[in-house]
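One structure is given below, encoded as structure tokens.
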Amino acid sequence: MQGNYVNSTDIISLSHGEIMTDRSPAAGKPIRTAMSVEDGIDFAIIELLFFAYRDFTSDPDQILADYGFGRAHHRVLHFVNRRPGLTVAELLDVLKITKQSLARVLKQLIDTDHVVQLQGPRDRRQRELY
Numbered sequence: 002m003q004g005n006y007v008n009s010t011d012i013i014s015l016s017h018g019e020i021m022t023d024r025s026p027a028a029g030k031p032i033r034t035a036m037s038v039e040d041g042i043d044f045a046i047i048e049l050l051f052f053a054y055r056d057f058t059s060d061p062d063q064i065l066a067d068y069g070f071g072r073a074h075h076r077v078l079h080f081v082n083r084r085p086g087l088t089v090a091e092l093l094d095v096l097k098i099t100k101q102s103l104a105r106v107l108k109q110l111i112d113t114d115h116v117v118q119l120q121g122p123r124d125r126r127q128r129e130l131y
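In this note's numbering, the protein residues as written are 2 to 131.
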């Protein structure tokens, strides 16, 4: 039976409970992996989702890297673009990250003029992002 291969992983359709195996390049035979298979978990689908996600994000990751940015920068740019005037506190709440994590990323985006930070009109302690 001919299978499809993604990174030397055999992804032919597996029956319930069967373990996905890596192929030995030298022997061309499957190598059983030490993985516990729990009832109801389709590891083939999980691994296919991983490979799809990895391939889907590789090109955008390279574009971000060309600017010296990473995924955290992209998240900030996305939400600031969607909600101009978003406060730093609101952004922290959306991203569920610490102030320290955001500060490094936000400083770089402000220093490179990708984001503008202004004082809030009602509360000078607030920082709005544009």
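We treat Cβ as the ideally placed atom computed from N, Cα and C, and that holds for glycine. On a predicted model such as this, the values are computed, not experimentally measured, just so you know.
For residue 128, the enclosing beta strand (DSSP E) covers residues 128–130. Counting along the chain, residue 60 sits inside the alpha helix (DSSP H) bounded by residues 44–67. By the neighbour-count criterion, in which 16 or more other beta carbons inside 10 Å mark a residue as buried, residue 57 falls on the exposed side. Annotated as proximal: residue 130 and residue 107, with beta-carbon spacing under 9 angstroms. The C-beta separation of residue 111 from residue 101 comes to about 16 angstroms, leaving the pair out of contact by the 8 angstroms criterion. Listed as beta-bridge partners of residue 110 by DSSP are no residues whatsoever. For residue 94, the enclosing alpha helix (DSSP H) covers residues 89–96.
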